[in-house]
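Reading through the C-alpha coordinates given below for one structure.
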Amino acid sequence: MTSPIPAAGPTPAAGATPAAGPILAAGPILAADGVGFAYRGAATPVLHGVTVDITAGRSVALVGESGAGKTTLLRLLLGLTRPTSGRIRFDGDELKLRDREQLRRLRRSVQCVFQDPYSSLDPRQRVGAIVSEPLRSLGLTASGAGDPRVAEALEAVGLPADAVSRYPHEFSGGQRQRIAIARATVCRPRLLLADEPVSALDVTTRVRIVDLLTELKETMGLTIAMVSHDLSVVAALCEHTVVLEHGRVVEQGDTAAVLGAPGHPYTQRLIASVPRLPAAPED
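Heads up: the sequence shown at position 182 corresponds to 182 in the UniProt record's numbering, and the numbers run straight through without jumps.
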(Lines of atoms letter the chains of each structure in order from A and count residues from 1; the text may use other names and numbers.)
(Lines give C-alpha, C1' and ligand atoms only; values in the text may rest on other atoms or scores of the structure.)
Protein backbone atom coordinates (compact mmCIF):
# COMPACT_ATOMS: atom_id res chain seq x y z
CA MET A 1 0.00 0.00 0.00
CA THR A 2 1.31 3.44 -0.90
CA SER A 3 0.78 6.71 0.92
CA PRO A 4 -1.47 8.93 -1.22
CA ILE A 5 -1.07 12.67 -1.61
CA PRO A 6 -3.72 14.21 0.66
CA ALA A 7 -6.60 16.17 -0.76
CA ALA A 8 -6.59 19.94 -0.62
CA GLY A 9 -7.06 21.35 2.89
CA PRO A 10 -10.46 22.21 4.34
CA THR A 11 -12.14 25.53 3.76
CA PRO A 12 -13.49 27.60 6.67
CA ALA A 13 -16.80 26.44 8.07
CA ALA A 14 -19.96 28.00 6.73
CA GLY A 15 -20.79 31.18 8.57
CA ALA A 16 -17.26 31.60 9.95
CA THR A 17 -16.08 35.20 9.92
CA PRO A 18 -12.33 35.81 9.61
CA ALA A 19 -10.69 38.50 11.70
CA ALA A 20 -10.87 41.95 10.21
CA GLY A 21 -8.17 42.72 7.67
CA PRO A 22 -7.71 44.95 4.63
CA ILE A 23 -10.80 45.35 2.45
CA LEU A 24 -10.83 42.83 -0.38
CA ALA A 25 -10.95 44.15 -3.93
CA ALA A 26 -13.02 42.44 -6.60
CA GLY A 27 -11.01 40.27 -8.99
CA PRO A 28 -7.44 39.02 -8.52
CA ILE A 29 -5.19 40.61 -5.92
CA LEU A 30 -2.22 39.87 -8.18
CA ALA A 31 -2.13 38.54 -11.72
CA ALA A 32 0.48 37.70 -14.33
CA ASP A 33 -0.75 38.33 -17.88
CA GLY A 34 1.35 36.57 -20.52
CA VAL A 35 4.52 37.28 -18.57
CA GLY A 36 7.93 36.52 -20.01
CA PHE A 37 11.30 37.17 -18.41
CA ALA A 38 14.91 36.83 -19.54
CA TYR A 39 18.02 37.70 -17.56
CA ARG A 40 20.34 40.14 -19.30
CA GLY A 41 22.78 38.27 -21.54
CA ALA A 42 20.97 34.93 -21.15
CA ALA A 43 20.29 33.00 -24.34
CA THR A 44 17.08 31.41 -23.08
CA PRO A 45 14.20 33.19 -21.31
CA VAL A 46 13.28 31.97 -17.83
CA LEU A 47 9.53 32.51 -18.31
CA HIS A 48 7.38 32.27 -21.44
CA GLY A 49 3.85 33.68 -21.60
CA VAL A 50 2.88 32.84 -18.02
CA THR A 51 -0.69 33.71 -17.01
CA VAL A 52 -1.76 33.23 -13.38
CA ASP A 53 -4.47 34.85 -11.23
CA ILE A 54 -4.25 35.02 -7.43
CA THR A 55 -7.71 35.73 -6.05
CA ALA A 56 -8.62 36.44 -2.43
CA GLY A 57 -9.48 33.26 -0.54
CA ARG A 58 -8.03 30.95 -3.18
CA SER A 59 -4.43 30.09 -2.33
CA VAL A 60 -2.12 29.18 -5.21
CA ALA A 61 0.84 26.80 -5.44
CA LEU A 62 3.59 27.15 -8.04
CA VAL A 63 5.17 23.74 -8.56
CA GLY A 64 7.81 22.32 -10.86
CA GLU A 65 11.39 21.14 -10.88
CA SER A 66 14.35 23.40 -10.07
CA GLY A 67 14.87 25.88 -12.88
CA ALA A 68 11.20 25.94 -13.89
CA GLY A 69 10.95 29.69 -13.17
CA LYS A 70 8.87 29.54 -9.98
CA THR A 71 11.00 31.86 -7.85
CA THR A 72 11.48 34.29 -10.75
CA LEU A 73 7.70 34.51 -11.10
CA LEU A 74 7.41 35.16 -7.36
CA ARG A 75 9.94 38.01 -7.64
CA LEU A 76 7.91 39.56 -10.46
CA LEU A 77 4.73 39.32 -8.39
CA LEU A 78 6.54 41.03 -5.50
CA GLY A 79 7.54 43.92 -7.74
CA LEU A 80 11.25 43.24 -7.24
CA THR A 81 11.86 43.30 -11.00
CA ARG A 82 9.84 43.96 -14.14
CA PRO A 83 8.86 41.40 -16.78
CA THR A 84 10.52 41.39 -20.19
CA SER A 85 7.10 40.93 -21.78
CA GLY A 86 3.52 40.84 -20.58
CA ARG A 87 2.48 42.58 -17.38
CA ILE A 88 1.84 42.12 -13.66
CA ARG A 89 -1.46 43.52 -12.36
CA PHE A 90 -2.17 44.55 -8.77
CA ASP A 91 -5.85 45.06 -7.92
CA GLY A 92 -6.57 45.30 -11.64
CA ASP A 93 -3.96 47.96 -12.48
CA GLU A 94 -0.66 47.29 -14.20
CA LEU A 95 2.14 47.26 -11.65
CA LYS A 96 4.57 50.11 -12.34
CA LEU A 97 7.79 49.94 -10.38
CA ARG A 98 8.25 53.73 -10.53
CA ASP A 99 4.84 54.42 -8.99
CA ARG A 100 5.81 54.84 -5.33
CA GLU A 101 2.24 55.12 -4.08
CA GLN A 102 1.20 51.95 -5.89
CA LEU A 103 4.24 50.10 -4.53
CA ARG A 104 3.37 51.27 -1.02
CA ARG A 105 -0.14 49.85 -1.44
CA LEU A 106 1.39 46.63 -2.79
CA ARG A 107 3.66 46.30 0.27
CA ARG A 108 0.67 46.96 2.53
CA SER A 109 -1.36 44.20 0.88
CA VAL A 110 1.36 41.69 -0.06
CA GLN A 111 4.11 40.39 2.21
CA CYS A 112 6.56 37.52 1.83
CA VAL A 113 8.25 34.69 3.72
CA PHE A 114 11.54 33.29 2.46
CA GLN A 115 12.93 29.78 2.43
CA ASP A 116 15.78 29.98 4.94
CA PRO A 117 14.81 31.16 8.45
CA TYR A 118 18.50 31.38 9.38
CA SER A 119 19.44 34.00 6.77
CA SER A 120 16.17 35.94 6.44
CA LEU A 121 16.34 37.50 9.94
CA ASP A 122 18.89 40.19 10.86
CA PRO A 123 21.00 38.65 13.67
CA ARG A 124 21.86 42.12 15.02
CA GLN A 125 18.26 43.09 15.72
CA ARG A 126 15.97 41.97 18.50
CA VAL A 127 12.82 40.13 17.47
CA GLY A 128 10.60 43.09 18.35
CA ALA A 129 12.46 45.32 15.89
CA ILE A 130 12.38 42.61 13.22
CA VAL A 131 8.63 42.03 13.49
CA SER A 132 7.80 45.75 13.64
CA GLU A 133 9.83 46.57 10.51
CA PRO A 134 6.84 46.43 8.06
CA LEU A 135 4.83 48.73 10.35
CA ARG A 136 7.68 51.24 10.48
CA SER A 137 8.55 51.12 6.77
CA LEU A 138 4.89 51.59 5.81
CA GLY A 139 4.44 54.46 8.27
CA LEU A 140 1.85 52.54 10.29
CA THR A 141 3.46 53.04 13.70
CA ALA A 142 5.67 55.44 15.62
CA SER A 143 6.28 53.09 18.54
CA GLY A 144 8.19 50.30 16.78
CA ALA A 145 8.58 47.15 18.88
CA GLY A 146 6.25 48.62 21.50
CA ASP A 147 3.30 48.64 19.11
CA PRO A 148 0.67 46.20 20.47
CA ARG A 149 0.36 44.64 17.01
CA VAL A 150 3.86 43.21 17.42
CA ALA A 151 2.87 41.25 20.53
CA GLU A 152 -0.36 40.19 18.81
CA ALA A 153 1.54 38.92 15.76
CA LEU A 154 3.95 36.93 17.93
CA GLU A 155 1.06 35.47 19.93
CA ALA A 156 -0.71 34.50 16.69
CA VAL A 157 2.29 32.37 15.63
CA GLY A 158 2.67 30.76 19.05
CA LEU A 159 5.62 32.71 20.44
CA PRO A 160 5.75 34.25 23.94
CA ALA A 161 5.53 37.99 24.54
CA ASP A 162 9.11 38.11 25.89
CA ALA A 163 10.39 37.09 22.44
CA VAL A 164 10.46 40.81 21.53
CA SER A 165 13.60 41.36 23.60
CA ARG A 166 15.52 38.32 22.34
CA TYR A 167 17.74 37.75 19.30
CA PRO A 168 17.14 35.29 16.43
CA HIS A 169 20.04 33.01 17.44
CA GLU A 170 18.16 32.20 20.66
CA PHE A 171 15.46 30.38 18.68
CA SER A 172 15.24 27.10 16.76
CA GLY A 173 14.74 26.96 12.99
CA GLY A 174 11.01 26.41 13.33
CA GLN A 175 10.70 29.29 15.80
CA ARG A 176 12.67 31.56 13.46
CA GLN A 177 10.25 30.77 10.66
CA ARG A 178 7.42 31.68 13.02
CA ILE A 179 9.17 35.02 13.61
CA ALA A 180 9.39 35.51 9.83
CA ILE A 181 5.67 34.75 9.51
CA ALA A 182 4.88 37.18 12.34
CA ARG A 183 6.88 39.87 10.54
CA ALA A 184 5.01 39.17 7.29
CA THR A 185 1.56 39.24 8.89
CA VAL A 186 1.92 42.06 11.45
CA CYS A 187 0.48 44.63 9.01
CA ARG A 188 -2.48 42.35 8.18
CA PRO A 189 -1.74 41.79 4.47
CA ARG A 190 -4.25 40.18 2.16
CA LEU A 191 -1.68 38.00 0.42
CA LEU A 192 1.38 36.12 1.66
CA LEU A 193 3.96 35.10 -0.96
CA ALA A 194 6.07 32.21 0.32
CA ASP A 195 9.15 30.71 -1.34
CA GLU A 196 9.57 27.13 -0.08
CA PRO A 197 8.54 28.20 3.46
CA VAL A 198 9.10 24.79 5.09
CA SER A 199 11.79 23.10 2.97
CA ALA A 200 14.64 24.06 5.33
CA LEU A 201 12.87 22.54 8.35
CA ASP A 202 12.71 19.01 9.74
CA VAL A 203 9.61 16.92 9.06
CA THR A 204 7.93 17.47 12.44
CA THR A 205 8.51 21.22 12.31
CA ARG A 206 7.18 21.35 8.75
CA VAL A 207 3.87 19.92 9.93
CA ARG A 208 3.62 22.54 12.68
CA ILE A 209 4.34 25.42 10.28
CA VAL A 210 1.80 24.09 7.75
CA ASP A 211 -0.77 23.86 10.56
CA LEU A 212 0.08 27.46 11.54
CA LEU A 213 -0.36 28.74 7.98
CA THR A 214 -3.67 26.89 7.70
CA GLU A 215 -4.84 28.55 10.91
CA LEU A 216 -3.77 32.01 9.70
CA LYS A 217 -5.67 31.48 6.45
CA GLU A 218 -8.82 30.91 8.46
CA THR A 219 -8.41 33.46 11.26
CA MET A 220 -6.94 36.33 9.20
CA GLY A 221 -8.62 35.66 5.86
CA LEU A 222 -5.09 35.32 4.46
CA THR A 223 -4.47 34.13 0.90
CA ILE A 224 -1.17 32.35 0.16
CA ALA A 225 0.80 32.04 -3.08
CA MET A 226 3.56 29.52 -2.52
CA VAL A 227 6.49 27.97 -4.33
CA SER A 228 6.97 24.40 -3.17
CA HIS A 229 8.50 21.08 -4.20
CA ASP A 230 6.52 19.30 -1.48
CA LEU A 231 3.19 18.24 -2.97
CA SER A 232 1.79 17.22 0.41
CA VAL A 233 2.27 20.82 1.59
CA VAL A 234 0.65 22.06 -1.62
CA ALA A 235 -2.34 19.79 -1.06
CA ALA A 236 -2.74 20.95 2.53
CA LEU A 237 -2.54 24.71 1.88
CA CYS A 238 -3.56 25.56 -1.68
CA GLU A 239 -6.85 25.41 -3.54
CA HIS A 240 -5.27 26.09 -6.96
CA THR A 241 -2.08 24.63 -8.42
CA VAL A 242 0.02 25.92 -11.33
CA VAL A 243 2.57 23.53 -12.86
CA LEU A 244 5.60 25.10 -14.55
CA GLU A 245 8.03 23.31 -16.87
CA HIS A 246 10.97 25.22 -18.37
CA GLY A 247 9.22 28.52 -17.69
CA ARG A 248 5.88 27.59 -19.25
CA VAL A 249 2.58 26.77 -17.56
CA VAL A 250 1.75 23.23 -18.68
CA GLU A 251 -1.23 22.68 -16.38
CA GLN A 252 -3.25 24.53 -13.77
CA GLY A 253 -6.53 24.06 -11.96
CA ASP A 254 -8.07 22.91 -8.69
CA THR A 255 -5.38 21.29 -6.57
CA ALA A 256 -7.43 18.14 -5.97
CA ALA A 257 -7.90 17.70 -9.73
CA VAL A 258 -4.31 18.52 -10.73
CA LEU A 259 -2.77 16.21 -8.13
CA GLY A 260 -5.47 13.55 -8.23
CA ALA A 261 -5.92 13.26 -12.00
CA PRO A 262 -3.08 15.12 -13.76
CA GLY A 263 -3.64 15.68 -17.46
CA HIS A 264 -0.14 16.66 -18.62
CA PRO A 265 2.68 14.08 -18.86
CA TYR A 266 5.04 16.39 -16.96
CA THR A 267 2.61 16.69 -14.04
CA GLN A 268 2.19 12.93 -14.09
CA ARG A 269 5.97 12.49 -13.85
CA LEU A 270 6.19 14.99 -10.98
CA ILE A 271 3.58 13.11 -8.97
CA ALA A 272 5.10 9.73 -9.82
CA SER A 273 8.43 10.95 -8.43
CA VAL A 274 6.98 11.58 -4.95
CA PRO A 275 8.55 9.07 -2.50
CA ARG A 276 6.09 6.46 -1.31
CA LEU A 277 6.03 4.46 1.89
CA PRO A 278 6.85 0.78 1.30
CA ALA A 279 4.05 -1.71 1.67
CA ALA A 280 3.79 -3.31 5.12
CA PRO A 281 5.26 -6.85 5.17
CA GLU A 282 2.74 -9.65 5.38
CA ASP A 283 2.74 -11.82 8.48
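Using N, Cα and C, we set each Cβ at its ideal position, and we do this for glycine too.
Among the options, the one whose alpha carbon lies nearest that of residue i
i, options, result
"residue 129", "163, 274 and 231", "163"
"residue 177", "34, 245, 199 and 100", "199"
"residue 81", "115, 210, 96 and 48", "96"
"residue 37", "59, 53, 27 and 85", "85"
"residue 214", "125, 124, 253 and 157", "157"
"residue 223", "191, 31, 239 and 206", "191"
Reduced DSSP secondary structure (H/G/I, E/B, other) of residue i
i, result
"residue 102", "helix"
"residue 191", "strand"
"residue 170", "helix"
"residue 244", "strand"
"residue 47", "strand"
"residue 110", "strand"
"residue 122", "coil"
"residue 38", "coil"
"residue 162", "helix"
"residue 184", "helix"
"residue 52", "strand"
Exposure of residue i, with buried meaning 16 or more beta-carbon neighbours within 10 Å
i, result
"residue 63", "buried"
"residue 245", "buried"
"residue 137", "exposed"
"residue 262", "buried"
"residue 203", "exposed"
"residue 252", "buried"
Residues bridged to residue i [DSSP beta-bridge criterion]
i, result
"residue 224", "192"
"residue 93", "90"
Whole-Å CB distance - residue i paired with residue j, under 8 Å assumed
i, j, result
"residue 197", "residue 115", "7 Å"
"residue 33", "residue 87", "5 Å"
"residue 29", "residue 55", "7 Å"
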